[in-house]
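Okay, so here's the structure we're looking at.
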């Protein structure tokens, strides 16, 4: 079962990377990043079972805390971006990449 | 029995995540993300970590996804606010072809796993996880408390009402 769990971990990380690469909706970008973190968590838990030690569980717990902190900041950033651009399209958030003066 | 349960949960997790990256509406993709998270919680329970099973349900499916759903409803998203993605399926196909060699490499590396060690009696319950956390990982624990405080302050500052930014017409000298 541990081998299958690690295969599932790789599949989830790959689906997360595919979503982050191919979608332009910023919510789905964020949820893909969360999916990558979940796949990494599953890998840690499976490796902890494989080695018979509890360290992987602790690291998975710490990753969940980091994901919670990331959720707060990312969603606040989405609220701010939606207020200023009225869109969820990542192609419109190009203020740092543009050469023109910002028109706010 | 547990293998059958594992395959059902793994299929649910994969279907939920594929649904998450292919839905147009963010609300639907958040709901199918919940399916993935709950299936992953069941897999944690099958792998013998009862503490992470509870934490996964409480923090991920309870707190983070409900925060996402709250923000989606709070923003009052109309269809014209969503990005137009006419070639979404082609992008998903192309990026999955780009990812395929790496995941094949990782999965073929899994054939060289070491032998499974026997697990101790109290494995993955709250007492052993807490003892490991406060004996060996005390410094990362404290660092994460500071990180949570900083992200709390940062979220409050980012989401507050926007003050009008004054941009003068004169060029800076």
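Residue numbers (this note's numbering), protein chains in the order written: chain A, 1 to 104; chain B, 1001 to 1173.
All residues carry an ideal CB built from backbone N, CA and C; glycine is no exception.
Best match in the options for proximity to residue i [C-alpha to C-alpha]
i                       : options                        : result
residue 1147 of chain B : A:77, A:73, A:91               : A:73
residue 71 of chain A   : B:1075, B:1078, B:1066, B:1097 : B:1066
residue 49 of chain A   : B:1143, B:1131, B:1124, B:1139 : B:1124
residue 1084 of chain B : B:1094, B:1025, B:1074         : B:1025
residue 12 of chain A   : B:1131, B:1106, B:1076         : B:1106
residue 1156 of chain B : A:77, A:52, A:40               : A:77
Pairwise C-alpha distance: residue j and residue i
i                       : j                       : result
residue 88 of chain A   : residue 1028 of chain B : 15 Å
residue 1009 of chain B : residue 1061 of chain B : 16 Å
residue 1014 of chain B : residue 75 of chain A   : 25 Å
residue 1122 of chain B : residue 1064 of chain B : 29 Å
residue 2 of chain A    : residue 1112 of chain B : 13 Å
residue 94 of chain A   : residue 81 of chain A   : 11 Å
residue 1152 of chain B : residue 1115 of chain B : 43 Å
residue 1036 of chain B : residue 1108 of chain B : 24 Å
residue 1128 of chain B : residue 83 of chain A   : 46 Å
residue 1202 of chain B : residue 79 of chain A   : Here chain B comprises residues numbered 1001 to 1173, so residue 1202 of chain B is not present and cannot be evaluated.
residue 64 of chain A   : residue 1118 of chain B : 27 Å
residue 5 of chain A    : residue 42 of chain A   : 7 Å
residue 62 of chain A   : residue 1133 of chain B : 9 Å
residue 142 of chain A  : residue 1041 of chain B : The structure shown does not extend to residue 142 of chain A, since chain A is modelled only from 1 through 104, so no value can be given for it.
residue 38 of chain A   : residue 1058 of chain B : 14 Å
residue 1081 of chain B : residue 23 of chain A   : 15 Å
residue 10 of chain A   : residue 1006 of chain B : 16 Å
residue 54 of chain A   : residue 1055 of chain B : 15 Å
residue 1017 of chain B : residue 15 of chain A   : 7 Å
residue 68 of chain A   : residue 1145 of chain B : 12 Å
residue 1126 of chain B : residue 86 of chain A   : 45 Å
residue 90 of chain A   : residue 1039 of chain B : 30 Å
residue 58 of chain A   : residue 1131 of chain B : 10 Å
Where residue i falls: helix, strand or coil (DSSP)
i                       : result
residue 4 of chain A    : helix
residue 34 of chain A   : helix
residue 96 of chain A   : coil
residue 1083 of chain B : coil
residue 1130 of chain B : helix
residue 1140 of chain B : helix
residue 1122 of chain B : coil
residue 1161 of chain B : coil
Cross-strand partners of residue i (DSSP beta bridge)
i                     : result
residue 89 of chain A : A:25
Assess contact between the stretch 1102 to 1113 of chain B and the stretch 21 to 31 of chain A, defined as three or more Cβ pairs (one per stretch) separated by less than 8 Å. Is contact present? Result no; under three Cβ-Cβ pairs closer than 8 Å.
Counting pairs of beta carbons, one from the stretch 1036 to 1052 of chain B and one from the stretch 1087 to 1101 of chain B, are three or more of them closer than 8 Å? Taking one beta carbon from each stretch, the stretch 1036 to 1052 of chain B and the stretch 1087 to 1101 of chain B have fewer than 3 pairs nearer than 8 Å; the two do not touch.
On the three-pair Cβ rule with 8 Å, is the stretch 11 to 28 of chain A touching the stretch 1001 to 1021 of chain B? As far as the Cβ criterion goes, the stretch 11 to 28 of chain A touches the stretch 1001 to 1021 of chain B, which means the pair count is three or higher.
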